[in-house]
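Numbering (the UniProt record's numbering), first residue to last: 1 to 269.
One structure is given here, and the rest of the page talks about it.
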Amino acid sequence: ITGATDGIGKAYAEEMARQGIDVILISRSIDKLQKVATDIESEFGVKTKVIAIDFTQGVEIYERIRKEIEGLEIGTLINNVGMAYPYPEYFLDMPNGDKLCQDMIFCNIMSVTMMMRVVMPQMVERRRGVVVNIASIAAVAPTPLMCLYGASKSFMDKLTRDMVTEYADKGIIVQSLLPGYVATNMSRIRISSYTAPSATEYAKVALKTIGLQSRSAAYPPHRVMVSFRTDWTFGQNKNCGLLLPLLSLNSSCLESAGVNSSSPTTCHK
């Protein structure tokens, strides 16, 4: 599980451990990894392994992951790690834009691509395995002022949908998830609600869709949102007004609300 120390990734780790499955936790902070691993082992009695990786780095990190998991049977891969803008902004005005673009491409696009290349060969050999790529509703909805984030999630969704076809006859289940807002550090939503569930609630629902839906938002209110995607034509449909309050936020608005916007939000800290 990538991005396993917080949010949806951590919730997946806990729910899989609850089912008696040993888990490998991959994230950036070794301290957070060790704490999550200790908590999971203590509560659920399963084995864990931690790998500290910064997914904004280059392809060389994946050779290290290959060595770390050598000899281990990986039955399920959860590609969750990702990062977003610190706040909505025009593409050319993003803070530290060149680095942010590179980091987001490496973290959101390179990670899902390379992790499948690292883990799936053994699944193909066994003719059994599960790959879950956690994209976003941003993959199918307009995301002006967050265009690179939305594009990276569209890439993940498109890649996954074609992988479903390529590897269906190899016995491998591949799924694209399109969650809406979930109450996590990445979304900066502190209190869960009917439309923005807790990460644990989302993961419980999403796990039940594996093998049943190859592409889904999983959580019922999010599924409704995705179902309206064909009506979201920015600037031409009244539904786009629902997006404008979010997209009109800028750094000064966020800072006045007490939100730290000094660095990109990541779910693998």
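For each residue, glycine too, the CB sits at the ideal point set by N, CA and C.
Nothing here was measured: the structure is a model prediction, and the numbers come from that model.
Asked, Found
"Using the beta-carbon count (16 or more within 10 Å), is Ala11 buried or exposed?", "buried"
"Note down the Cα distance separating Glu70 from Gln213, rounded to an integer number of angstroms.", "30 Å"
"Among Asn96, Met116, Val205, Arg215, which residue has its Cα nearest to the Cα of Ser154?", "Arg215"
"Distance, Cα to Cα, Asp169 vs Met163?", "11 Å"
"In terms of alpha-carbon separation, which member of Leu92, Asn133, Met114, Arg188 lies closest to Glu60?", "Met114"
"Do the region 86 to 101 and the region 30 to 48 meet, that is, are 3 or more Cβ pairs less than 8 Å apart?", "no"
"With DSSP run on the structure shown, which of helix, strand or coil describes Ala141?", "coil"
"Taking C-beta to C-beta, are Ser152 and Ile105 nearer than 8 Å?", "yes"
"Taking Cβ to Cβ, would you say Asn79 is nearer than 8 Å to Thr165?", "no"
"Let me make sure I understand the geometry here. Which of Ser176, Ala196, Gln175 has the alpha-carbon closest to that of Ala183?", "Ala196"
"Using the Cα positions of Ala218 and Ala199, report the straight-line distance between them to the nearest angstrom.", "12 Å"
"So what does DSSP say about Val224, is it helix, strand or coil?", "helix"
"Can you tell me whether Val50 is helix, strand or coil according to DSSP?", "strand"
"With DSSP as the reference, label Arg215 as helix, strand or coil.", "strand"
"Does DSSP classify Gln57 as helix, strand or coil?", "coil"
"My assumption, with CB atoms under 8 Å, is that Asn133 sits in contact with Val118. Please give the rounded CB distance.", "Contact flag wrong, Cβ pair sits at about 14 Å."
"Between Phe91 and the rest of its own chain, which residues show a CB-CB distance below 6 Å, the 5 nearest in sequence each way excluded?", "Cys147"
"Mind checking which residues open and close the alpha helix (DSSP H) that includes Ile30?", "30 to 44"
"If we ignore side chains and look at the alpha-carbon of each, how far apart do Asn185 and Ala139 end up?", "20 Å"
"Go ahead and pull the three-state DSSP assignment for Asn108.", "helix"
"Enumerate in chain order the residues of its own chain whose CB-to-CB distance from Asp22 is below 6 Å, with the five nearest sequence positions on each side excluded.", "Val46, Lys47"
"Determine which residues share a DSSP beta bridge with Ser152 and list them.", "For Ser152, which the question treats as bridged, DSSP gives no partner whatsoever."
"According to DSSP, what are the bridge partners of Leu159?", "Bridge partners of Leu159: none, in fact."
"Please look up how many angstroms separate the CB atoms of Asp54 and Met83, rounded, as I've assumed it's under 8 Å.", "Actually they do not touch by this definition, with Cβ atoms about 11 Å apart."
"Could you check what DSSP says for Thr76 in three-state terms: helix, strand or coil?", "strand"
"Let me make sure I understand the geometry here. Which of Val124, Val130, Gly58, Tyr85 has the alpha-carbon closest to that of Leu207?", "Val130"
"How is Gly20 classed by DSSP in three states: helix, strand or coil?", "coil"
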